[in-house]
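Protein chains in written order, with the numbering used here: chain A, 957 to 1126; chain B, 231 to 330; chain C, 31 to 370; chain D, 8 to 382.
Note that beta-carbon positions come from the ideal geometry of N, C-alpha and C, so glycine has one too.
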Amino acid sequence: MGQAIAFYTMAAAILGFAVLVISTRDTVHSVLFLVLDFLFVAALYVLLNAPFVAVIQVLVYAGGIVVLYLFVVMLVNLKRPPEAHQDPHRRTKLGFGMAAAVLLEVAAIATYTSANPAPAIAASAAMPVTGNTEQVGWLLYTSYLIPFEIASMLLLVAMIGAIILAKREL
Amino acid sequence: MITSTHYMLLSAALFTIGVVGVMVRRNIIIIFMSIELILNAVNINLIAFSAQLQNLVGQVFAVFVIAVAAAEAAVGLGIILAFYRNKETVNIDEMNLMRW
Amino acid sequence: MIDGFVIPLLKIVIVLNATLVGVTYMVLLERKVIAWAQSRLGPMRVGPYGILQPIADAVKLMIKEDITPVRADKWVFTAAPIISMVPALIVYAVIPFGPEVNLFGRRVSLYVTDVNVGLLYVVSVASVGVYGIILAGYSSNSKYPLLAGLRASAQLISYEVAVTLTLVSVILVAGTLSMVGIVRAQESGHVWFAFVQPMAFGIFFIGGLAETNRAPFDLPEAEQELTGGFHTEYSGMRFALFFLAEYANMIVVSSVATTLFLGGWLRPFPNVAALGFLDFVPVWMWFLVKSFLFLYVFIWVRATLPRYRYDQLMRLGWKVLIPLAILNLVVTAVIRVLLI
Amino acid sequence: MEAQTIRGAMFDTDELVINMGPQHPSTHGVLRVVLRLDGEKVVDCDVVIGYLHRGIEKLSENRNWTQIILLTDRMDYVAAATSNVGYCETVEKLMQLEVPRRARYVRTILCELQRIASHCLWVGTHAMDIGAMTVFLYAFRERELILDLFEEFCGARLTYNSMRIGGLPLDIPPGWDKKVLEFCTIMDSKVDEYETLLTHNRIWLERTKGIGVISGEEATGLGLCGPALRGSGVTRDVRKDEPYAAYDEMEFDVPIGSDGDTYDRYLVRMEEFRQSLRIIRQAAQGIPEGPIVGKVPRLIKPAAGETYHAIESPKGELGFFIVSDGKSTNPYRFRVRPPSFCNLQGLRRLVRGHLVADVVALIGSIDIVLGEVDR
Chain A
957 MGQAIAFYTM AAAILGFAVL VISTRDTVHS VLFLVLDFLF VAALYVLLNA PFVAVIQVLV
1017 YAGGIVVLYL FVVMLVNLKR PPEAHQDPHR RTKLGFGMAA AVLLEVAAIA TYTSANPAPA
1077 IAASAAMPVT GNTEQVGWLL YTSYLIPFEI ASMLLLVAMI GAIILAKREL
Chain B
231 MITSTHYMLL SAALFTIGVV GVMVRRNIII IFMSIELILN AVNINLIAFS AQLQNLVGQV
291 FAVFVIAVAA AEAAVGLGII LAFYRNKETV NIDEMNLMRW
Chain C
31 MIDGFVIPLL KIVIVLNATL VGVTYMVLLE RKVIAWAQSR LGPMRVGPYG ILQPIADAVK
91 LMIKEDITPV RADKWVFTAA PIISMVPALI VYAVIPFGPE VNLFGRRVSL YVTDVNVGLL
151 YVVSVASVGV YGIILAGYSS NSKYPLLAGL RASAQLISYE VAVTLTLVSV ILVAGTLSMV
211 GIVRAQESGH VWFAFVQPMA FGIFFIGGLA ETNRAPFDLP EAEQELTGGF HTEYSGMRFA
271 LFFLAEYANM IVVSSVATTL FLGGWLRPFP NVAALGFLDF VPVWMWFLVK SFLFLYVFIW
331 VRATLPRYRY DQLMRLGWKV LIPLAILNLV VTAVIRVLLI
Chain D
8 MEAQTIRGAM FDTDELVINM GPQHPSTHGV LRVVLRLDGE KVVDCDVVIG YLHRGIEKLS
68 ENRNWTQIIL LTDRMDYVAA ATSNVGYCET VEKLMQLEVP RRARYVRTIL CELQRIASHC
128 LWVGTHAMDI GAMTVFLYAF RERELILDLF EEFCGARLTY NSMRIGGLPL DIPPGWDKKV
188 LEFCTIMDSK VDEYETLLTH NRIWLERTKG IGVISGEEAT GLGLCGPALR GSGVTRDVRK
248 DEPYAAYDEM EFDVPIGSDG DTYDRYLVRM EEFRQSLRII RQAAQGIPEG PIVGKVPRLI
308 KPAAGETYHA IESPKGELGF FIVSDGKSTN PYRFRVRPPS FCNLQGLRRL VRGHLVADVV
368 ALIGSIDIVL GEVDR
C-alpha cells in the first residue's frame, strides 16, 4: 500500500515536471523543472532498491549535467531577454502524431498485460541482492570491464572535445 | 500492487513527453533537455527490470547510460555555445549550415 | 509503531532544531572569536556577554522588509535561498553523532539513519547546493550577483572534484560507504584516519574551506570586490536563509571531517586502556568537541588570511589539489592491494 | 563607455561594462570606476570623479588668509595637519616670514604623526580590500593613539585646524613630547606586527607581486608622486629635495622599491613607518625652547606676487599655488596640486590587463582620499 502511494506520487511528479520542462516559456524555469524531475526519478530508483544508481543520478545528473545546462542557458539569455527566444512551435502535428502512436502502443501493452499480469515486484526484504554498491561495482569491474573502459574513453573524448569547442584560442 | 507494467507505462509516458518536446520545441536547449528525459525513461525501464529479474545488469547499464548522457551534454552544449556565439540564435530551424 | 515512526521523527526534529540553533550560535561564535583575534570584545549588549545576540539578529532579519527587485525573476529569486538551505539541512540525516546507546530502557541510535551509500549521499546532496548560488546570481538581474554566481559555481564544481577524490581514498581504507561503518573501521583499526590519510585530510580541509565559501576562498561573496556577491540584492529573511545555509554548510563540513578523519564519536586514543576514564564523557560530546575544533579553525583562518584571487584559486584547485588527491588515491590503492 | 566586441581566434565575446562605485565598499569613498571587462579581465577603465567636489579652491578666494586653514583640513581629511602645514608654509613663503625653530620642530612631529596615521589607515584598508580583515583593526588601534595625541595638542581628532601662519596656535602641552616618544616605542613593535601578518604571507605575495607594474619613467610621465612613485625606484621626496619645516636638520632615509609593483609600494610605505618614527624621535628629543609664532603682522595681506610651495604629504607631493594681488585680504587665485588626484591618473594605466580583484588592490595601492581628489 505504502509502495503504491509512493509510486503514484512520484510518477505523477515525474510526468508533471516533464510536461512543464517542455512547455515552460522561460528556459531557466525549464532547467529547474528538469532538476526536480531528475530528483523524483532518483527517488523512484530508491523505491526500486537501487540506491547506488539513485545517488549517481543525483550526483551526475542533478549536480553535474544540469548545472552545465544552466550555465549555457544563462550565457545565452544574457544577451537578449528571454522573450526574444519565444517563437511559434514547429512540427506540432508531427510531434503529437508520434506521441499518439507511442501512446497507442502503450495502451496495447496495457491491455495485453492486464490480461496476463506480470509478477509483482518484490519488496526489498525478498531480494537476495539489493542494489548494493559493492555488487554493482563488482559487475562493472569484471563482466563489464570493457564497456566500462569504453565509457571512460568516451568521457575523455567528450572532455577534450568540449574544451576545444569552448576555448577561444589553443 | 505495483508491477513492472506500471514502471513500463511510466517510462513510456516519459518517453512520449520527451519525443513531443523534441518535435515541438524550436529552442535547441529545450530539445537537449527532452533528450535527457528520453534517456531517463530508458533508465527507469532498466532499473525496473533489474528489480524484477533480481539481476544487477540493469543497474550497470543505467550507469553507462548516465555516463553517455554526461558526454553528450558536454559536447552538445559546447556545440550550442559555439554556434550561439557566431549566429546569435538557439533556434534549431536556423541551424541549417554545415559550416560558416 | 514507536520504534518505526515516533523515534525517527523525534530524532529528525531534534537534529533539525539543534542544527538551526547551532547555526545561529555559530554566527555569535564567529563574531566573538574574530573580535578576540582583533583585540575587540564583539557583541556585548544583548544579554550577558552578548549571548542573546543571535535571537536579536533573527528578530531583526525576520521583521525586515523583504525586497524583490522589479526586474528580477520572482519565482527563481524566491526559490534560490530555499534551494541553498535545504541541502545543507538534509545532509544531517546520515551524520552519526554517536553509536547505539541505551536511552530510557530503549536501544536508540544517535543518528537519523545509516544508509550503505552514506558518503555518496553527502557528496550528491552537497552538489545540489550549488543551484542556490547560481540561481540567486542569475535571478537578481544585476551584474555583480551574476559575476559572483558564475564564480561560485565554477569554484564549487572545481573543488568538489578534489574533495570527492579524497573521500574515495578514505573509502578505500575503510572499505565501506556507510558513515557509521567508517567510524567503526577507525575503532577496529585503532587509529583515526587523519593519521592514515594525512594528505587527504589536508586536501579535504582546504577543499572544505572552498566549498563553504570561507576565507581565504570567499570570492563569491567578496564584499570588497563584488559588493556582497550573489546575495547583493537579497534582504530580510531570504538573506538570512543564505546566511544560515553558509553556516550550516560549515557545520556539515566539520561534521563530515570529524566522522571521516577524527574518529567521529570515539574518544582520543580509543585503544589506550589507560585513558579509559575519558569514557565518562558521553560519546556525542566527543563528536561535538571535535566538530567545534574544526569550526574554530575555520574562523581562525578567516581572521588571519587575505583572500585569493579568482585565477589563483582555480590554479590551486586544478593544478595542486586535484593532482595531489589523485596521487594520494593511487598510492592508497597500491598500498591497499599490496597489503591485502 | 560602450561595450565592444572582442575578436577572438574562433569566437567573439561581448564585453561587460560594470560600474564600480560611487557606492562600493572598496573605492574608498565616492570614487566611481567604470570597468570594461572581458570575462573577468579589465580591458579598460574610466575613472569618474567629482562626487565630493565642494569647490574648496574657489571658496578660498573668498575667505581671508587665516580662514583658509580651516578649509585645507577638509581636503585630505585623514592627514589634515599636513595640509595645514603645507598651506601655512606657502603663505609664509609668499610673505617671507621667518618661522621660529620650535614651531618648525613641532610641525615636523605633527607631519610625521600624520604620515603614520595616514599609512595606518592605508595599510588597514589595503589589507581589508585584499581580504585580510584583522590588520584593519590593528592599524586603527594605533591610529587611535595618534588621534589622542592630536586631541591633546589641538582639541580635535579629525579636522585639526592646527596651524597658524607664522607658527603654531598654541604651544605643546607639558609632557606631550614624552607621550610622543612613548608612542614611538609602542609603534615600533606594531609595525613589525603588521609585517608579520602580511609581508611574507604567501597569499599576500601572490595578490600583490607583479600586479600593476609601472616603470620609473612611466610613473614620472604620469605625474605619480609619493610612495607610488618611489615604489618604482625613483628617489623623489620633497622632504629631502626641498626641505621644509625642520627636515633639513633630521636624519632619515628615503626608501625606494625596485619592481614598481603593488608589493613594492607596500614595502615602501611599511619602511616609511619606520623612517617617520625615526624622524619623530629626533624631533621630539630635540624640541628647542623659544617662541612658537614668528613676527606676523596683525592683518595678513601679502604683497602682490605668486608662489608655489610643495610638501611631502603621506600621499605624495602636496603643492599650493597662490597668487596675491596685494590689495584684498583674500588670495586672488588659489590652486592645489593634490597628490591623490595625480596618483589617480595612473589607475587607468595600472589596471589594464588585470582582473577585477586586482582593481581594488590597485586602488588601495595608490592610496587616494576622495576629499583631496575632488576638493
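Rounded C-alpha distance that separates residue i from residue j
{"i": "residue 368 (chain D)", "j": "residue 133 (chain D)", "result": "7 Å"}
{"i": "residue 275 (chain D)", "j": "residue 359 (chain D)", "result": "23 Å"}
{"i": "residue 200 (chain C)", "j": "residue 993 (chain A)", "result": "32 Å"}
{"i": "residue 81 (chain C)", "j": "residue 73 (chain C)", "result": "8 Å"}
{"i": "residue 207 (chain C)", "j": "residue 310 (chain C)", "result": "30 Å"}
{"i": "residue 161 (chain D)", "j": "residue 112 (chain C)", "result": "56 Å"}
{"i": "residue 1056 (chain A)", "j": "residue 1062 (chain A)", "result": "10 Å"}
{"i": "residue 1025 (chain A)", "j": "residue 179 (chain C)", "result": "15 Å"}
{"i": "residue 277 (chain D)", "j": "residue 197 (chain D)", "result": "11 Å"}
{"i": "residue 276 (chain B)", "j": "residue 292 (chain B)", "result": "6 Å"}
{"i": "residue 1083 (chain A)", "j": "residue 202 (chain C)", "result": "Low confidence applies to residue 1083 (chain A): its pLDDT is 40, below 50, so where it sits in the model is not reliable, and the reading given next is rough at best. Between residue 1083 (chain A) and residue 202 (chain C), the C-alpha separation is close to 27 Å."}
{"i": "residue 176 (chain D)", "j": "residue 295 (chain D)", "result": "17 Å"}
{"i": "residue 1078 (chain A)", "j": "residue 979 (chain A)", "result": "Because the pLDDT of residue 1078 (chain A) is 48, which lies under 50, any placement of that residue in the model is unreliable, and the question is left without a value."}
{"i": "residue 104 (chain C)", "j": "residue 110 (chain C)", "result": "10 Å"}
{"i": "residue 94 (chain D)", "j": "residue 73 (chain D)", "result": "10 Å"}
{"i": "residue 1119 (chain A)", "j": "residue 266 (chain B)", "result": "22 Å"}
{"i": "residue 203 (chain D)", "j": "residue 1020 (chain A)", "result": "42 Å"}
{"i": "residue 196 (chain C)", "j": "residue 246 (chain C)", "result": "20 Å"}
{"i": "residue 254 (chain B)", "j": "residue 1059 (chain A)", "result": "17 Å"}
{"i": "residue 69 (chain D)", "j": "residue 192 (chain D)", "result": "44 Å"}
Beta-bridge pairing of residue i - partner residues as DSSP gives them
{"i": "residue 24 (chain D)", "result": "D:43"}
{"i": "residue 327 (chain D)", "result": "D:316 and D:343"}
{"i": "residue 133 (chain C)", "result": "C:136"}
{"i": "residue 48 (chain D)", "result": "D:45 and D:362"}
{"i": "residue 54 (chain D)", "result": "D:40"}
{"i": "residue 174 (chain D)", "result": "D:171 and D:300"}
Distance CB(residue i)-CB(residue j) smaller than 9 Å
{"i": "residue 260 (chain B)", "j": "residue 251 (chain B)", "result": "yes"}
{"i": "residue 989 (chain A)", "j": "residue 976 (chain A)", "result": "yes"}
{"i": "residue 174 (chain C)", "j": "residue 25 (chain D)", "result": "yes"}
{"i": "residue 315 (chain D)", "j": "residue 97 (chain D)", "result": "yes"}
{"i": "residue 331 (chain C)", "j": "residue 1011 (chain A)", "result": "no"}
{"i": "residue 233 (chain D)", "j": "residue 324 (chain D)", "result": "yes"}
{"i": "residue 183 (chain D)", "j": "residue 159 (chain D)", "result": "yes"}
{"i": "residue 44 (chain C)", "j": "residue 285 (chain C)", "result": "no"}
{"i": "residue 325 (chain C)", "j": "residue 59 (chain C)", "result": "yes"}
{"i": "residue 168 (chain D)", "j": "residue 229 (chain D)", "result": "no"}
{"i": "residue 269 (chain D)", "j": "residue 308 (chain D)", "result": "no"}
{"i": "residue 298 (chain B)", "j": "residue 1107 (chain A)", "result": "yes"}
{"i": "residue 244 (chain C)", "j": "residue 328 (chain C)", "result": "yes"}
{"i": "residue 59 (chain D)", "j": "residue 381 (chain D)", "result": "yes"}
{"i": "residue 298 (chain C)", "j": "residue 213 (chain C)", "result": "no"}
{"i": "residue 987 (chain A)", "j": "residue 263 (chain B)", "result": "yes"}
{"i": "residue 245 (chain D)", "j": "residue 318 (chain D)", "result": "yes"}
Assumed close pair residue i, residue j - CB separation to whole angstroms, cut-off 8 Å
{"i": "residue 311 (chain D)", "j": "residue 333 (chain D)", "result": "3 Å"}
{"i": "residue 168 (chain C)", "j": "residue 176 (chain C)", "result": "7 Å"}
{"i": "residue 145 (chain C)", "j": "residue 1007 (chain A)", "result": "6 Å"}
{"i": "residue 141 (chain D)", "j": "residue 65 (chain C)", "result": "That pair is no contact at about 10 Å."}
{"i": "residue 301 (chain D)", "j": "residue 105 (chain D)", "result": "5 Å"}
{"i": "residue 314 (chain B)", "j": "residue 1032 (chain A)", "result": "6 Å"}
Minimum Cβ-Cβ distance from residue i to chain E less than 9 Å
{"i": "residue 965 (chain A)", "result": "Looking at the structure shown, chain E is missing, and the protein chains on hand are A, B, C and D."}
Give the residues from the segment 998 to 1023 of chain A that approach chain C closer than 9 Å (Cβ to any Cβ), ordered along the chain.
Residues are counted here when their Cβ sits less than 9 Å from a Cβ of chain C; for the segment 998 to 1023 of chain A these are 998, 1007, 1008, 1010, 1011, 1012, 1013, 1014, 1015, 1016, 1018, 1019, 1020, 1022 and 1023, given in chain order.
Which residues of the segment 259 to 276 of chain B have a Cβ closer than 8 Å to any Cβ of chain A? Give them in chain order.
Under the 8 Å Cβ criterion, the segment 259 to 276 of chain B contributes 259, 260, 262, 263, 264, 266, 267, 270, 273 and 274.
Residues of the segment 324 to 343 of chain C in Cβ contact with chain D at a cutoff of 9 Å, in chain order, please.
Within the segment 324 to 343 of chain C, the qualifying residues are 332, 333, 334, 335, 336, 337, 338, 339, 340, 341 and 342.
Determine which residues of the segment 202 to 220 of chain D have a Cβ less than 8 Å from any Cβ of chain C, and write them out in chain order.
Those would be 204, 205, 208, 210, 211, 213 and 214, in chain order.
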